[in-house]
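J.:
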Amino acid sequence: MRSRIAQEIEFVHEPVAVLFTDVRPSGAAQFKERRWGCVMEMLAFAARGYTAVFDRNTTGCVGGRTGLCFGDGYEKSRDIARFLSTGGGKRGGGGLRFIKSPALAKEFLAGLPIEDIPETFVVFKALSKVDGRRERPRVVVFLANPDQVAALTTLANYDRPGGDAVVVPFASGCQSICLLPFHESKGKAPRAVLGGMDLSARPHLDPGLFTFAVPAPLFRRMEANVSGSFLEQDLWKRLRKRGERRAR
Numbered sequence: 006m007r008s009r010i011a012q013e014i015e016f017v018h019e020p021v022a023v024l025f026t027d028v029r030p031s032g033a034a035q036f037k038e039r040r041w042g043c044v045m046e047m048l049a050f051a052a053r054g055y056t057a058v059f060d061r062n063t064t065g066c067v068g069g070r071t072g073l074c075f076g077d078g079y080e081k082s083r084d085i086a087r088f089l090s091t092g093g094g095k096r097g098g099g100g101l102r103f104i105k106s107p108a109l110a111k112e113f114l115a116g117l118p119i120e121d122i123p124e125t126f127v128v129f130k131a132l133s134k135v136d137g138r139r140e141r142p143r144v145v146v147f148l149a150n151p152d153q154v155a156a157l158t159t160l161a162n163y164d165r166p167g168g169d170a171v172v173v174p175f176a177s178g179c180q181s182i183c184l185l186p187f188h189e190s191k192g193k194a195p196r197a198v199l200g201g202m203d204l205s206a207r208p209h210l211d212p213g214l215f216t217f218a219v220p221a222p223l224f225r226r227m228e229a230n231v232s233g234s235f236l237e238q239d240l241w242k243r244l245r246k247r248g249e250r251r252a253r
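Okay, so the sequence shown: first residue is 6 according to the numbering used here, each after it adds one.
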């Protein structure tokens, strides 16, 4: 699947398609069953041109199960609120201290838009390797530097009133690239999700990059809007060249 957005913005890494399917792709990387791993590792792997696959038993952690739309992975994890906040409980340790108190952490978890897809697998696949005739991405994830985030944000807002086509939620890395944008895709005016704010996931991202996850309906509109937009103008071309110089 070719992308005009990728062509005009010239990302260093491949855009990644998130697909739901009942067919396991051959040759795809997959975590071992019930072994720990971070979903963001697999995103980085797919952004290098490869394919990764998950099922309900190979999400890497309970948070990954939630973030990949396999239902509520936190349901049976009693100490997750303490883990996100002050620590203690059966897990022990000091906690991540991302949220001030266990009570606030519980409120955060209760507010997540849990999705439980019927498909068996979630697949991360380089967008260029997606067969648009038979595969349907649910979300497209870009790994973008600040100039590219600005361009994507501008394009997301290009043909709609207001200026709120992009949200920057406090969320885990996997929630930002799958759960939240997929949930957005069900609304009348789906918004893109700017991610990479999860400090525990940032080691798997280059320091200068963020994730920009676009629900499928918005992605199609953004693709259609490239022609005639600022992406064909000199201002963006100058910014793009600046990025090329820095990448050398």
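For every residue, glycine included, the Cβ atom is placed at its ideal position computed from N, Cα and C.
Taking a contact to mean a Cβ-Cβ separation below 8 Å, would you say residue 165 touches residue 194 in this structure?
T.: Here residue 165 refers to the residue found at position 160 of the sequence shown. Here residue 194 refers to the residue found at position 189 of the sequence shown. A contact, by the Cβ cut-off of 8 Å.
J.: Only counting runs of 4 or more residues, tell me where the alpha helix (DSSP H) segments fall wholly within the segment 77-165, in order along the chain.
T.: DSSP runs (the alpha helix (DSSP H)) wholly in the segment 77-165: 85-89, 107-115, 151-161.
J.: Buried or exposed for residue 200, please, with buried defined as at least 16 other CB atoms from any protein chain shown within 10 angstroms of its CB.
T.: In the sequence shown, residue 200 corresponds to position 195, counting from 1. It is buried - the Cβ of residue 200 has at least 16 other Cβ atoms within 10 Å.
J.: Return the first residue and the last residue of the alpha helix (DSSP H) that residue 20 is part of.
T.: If you number the sequence shown from 1, residue 20 lands on position 15. Unbroken run through residue 20: none, as it is neither H nor E.
J.: Between which two residues does the beta strand (DSSP E) harbouring residue 186 extend?
T.: If you number the sequence shown from 1, residue 186 lands on position 181. Unbroken run through residue 186 is the alpha helix (DSSP H), 185-189; no beta strand (DSSP E).
J.: Go ahead and pull the three-state DSSP assignment for residue 71.
T.: Translated into positions along the sequence shown, residue 71 becomes position 66. Residue 71 falls in the helix class under three-state DSSP.
J.: Residue 15: buried (16+ other C-beta within 10 angstroms of its C-beta) or exposed?
T.: One-based indexing of the sequence shown puts residue 15 at position 10. Looking at its Cβ environment, which holds fewer than 16 other Cβ atoms inside 10 Å, residue 15 is exposed.
J.: Can you give me the Cβ contacts of residue 218 inside the same chain, cut-off strictly under 7 Å, excluding the 5 residues immediately before and after it?
T.: On the sequence shown, position 213 is the one that residue 218 refers to. Closer than 7 Å at Cβ, skipping near neighbours: 144, 146, 181, 182, 186, 197, 198, 200.
J.: On the criterion of 16 or more Cβ atoms from any shown chain inside 10 Å, does residue 155 qualify as buried, or is it exposed?
T.: Numbered from its first residue, the sequence shown carries residue 155 at position 150. So residue 155 counts as exposed.
J.: Give the single residue among 109, 234, 92 whose Cα lies nearest to the Cα of residue 159.
T.: The residue given as residue 159 occupies position 154 in the sequence shown. Comparing Cα-Cα distances from residue 159 to each of 109, 234, 92, the minimum goes to 234.
J.: Got a sec: is the Cβ-Cβ distance from residue 199 to anything in chain D below 8 Å?
T.: Among the chains in the structure shown there is no chain D, since it carries only a single protein chain.
J.: Within 10 angstroms of the Cβ of residue 132, are there 16 or more other Cβ atoms? Answer buried if so, exposed if not.
T.: By one-based count along the sequence shown, residue 132 stands at place 127. Looking at its Cβ environment, which holds 16 or more other Cβ atoms inside 10 Å, residue 132 is buried.
J.: Does the count of Cβ pairs from the segment 15-27 and the segment 121-132 closer than 8 Å reach three?
T.: The answer is yes - the segment 121-132 touches the segment 15-27, with three or more Cβ pairs under 8 Å.
J.: Sort 102, 10, 52 by Cα distance to residue 91 and report the nearest one.
T.: Residue numbering aside, residue 91 sits at position 86 when the sequence shown is read from its first letter. Residue 102 is the option with its Cα nearest to residue 91.
J.: Spatial neighbours of residue 48 within its chain, please: CB distance less than 7 Å, with the 5 preceding and 5 following residues excluded, ordered by chain position.
T.: Within the sequence shown, numbered from 1, the residue matching residue 48 stands at position 43. Excluding sequence neighbours, residue 48 sits near 21, 129, 146, 182.
J.: Could you compute how far the alpha carbon of residue 215 sits from the alpha carbon of residue 203?
T.: Taking the first residue of the sequence shown as 1, we reach residue 215 at position 210. Taking the first residue of the sequence shown as 1, we reach residue 203 at position 198. Whole-angstrom Cα-Cα distance: 10 Å.
J.: Just to confirm, are residue 44 and residue 89 a CB contact at a threshold of 8 Å?
T.: As a first step, residue 44 must be located in the sequence shown, where it is residue number 39. As a first step, residue 89 must be located in the sequence shown, where it is residue number 84. No, the pair does not count as a contact, with Cβ atoms beyond the cut-off.
J.: Leaving out five residues on either side along the sequence, give the residues of the same chain with a beta carbon under 6 Å from the beta carbon of residue 42.
T.: Position 37 of the sequence shown, counted from the first residue, corresponds to residue 42. Cβ within range, chain order: 36, 65.
J.: Please state the DSSP three-state secondary structure of residue 210.
T.: Sequence index remark: in the sequence shown, residue 210 carries index 205 (1-based). If DSSP states are grouped into helix, strand and coil, residue 210 belongs with coil.
J.: By alpha-carbon positions, which one of 138, 176, 81, 140 ends up nearest to residue 118?
T.: One-based indexing of the sequence shown puts residue 118 at position 113. It is 176.
J.: Thinking just about the alpha-carbon of each residue, which of 32, 70, 56 is nearest to the one in residue 62?
T.: As a position in the sequence shown, residue 62 is number 57, starting the count at 1. Looking at the Cα atoms, 70 is the closest of the given residues.
J.: When you compare only the Cα positions, how much space is there between residue 106 and residue 87?
T.: For this step, residue 106 is matched to residue 101 along the sequence shown. For this step, residue 87 is matched to residue 82 along the sequence shown. So the alpha carbons of these two residues sit roughly 8 Å apart.
J.: Exposed or buried, which one is residue 240 when buried takes at least 16 other CB atoms within 10 Å?
T.: Counted from its first residue, the sequence shown places residue 240 at position 235. Residue 240 comes out exposed.
J.: Select from 116, 55, 76, 231 the residue whose C-alpha is nearest the C-alpha of residue 124.
T.: Against the sequence shown, residue 124 aligns to sequence position 119. Among 116, 55, 76, 231, the Cα nearest to that of residue 124 belongs to 76.
J.: Buried or exposed for residue 28, please, with buried defined as at least 16 other CB atoms from any protein chain shown within 10 angstroms of its CB.
T.: Taking the first residue of the sequence shown as 1, we reach residue 28 at position 23. Flag for residue 28 reads exposed.
J.: In three-state terms, what does DSSP make of residue 204?
T.: By 1-based counting over the sequence shown, the position of residue 204 is 199. DSSP places residue 204 in coil when its eight states are reduced to three.
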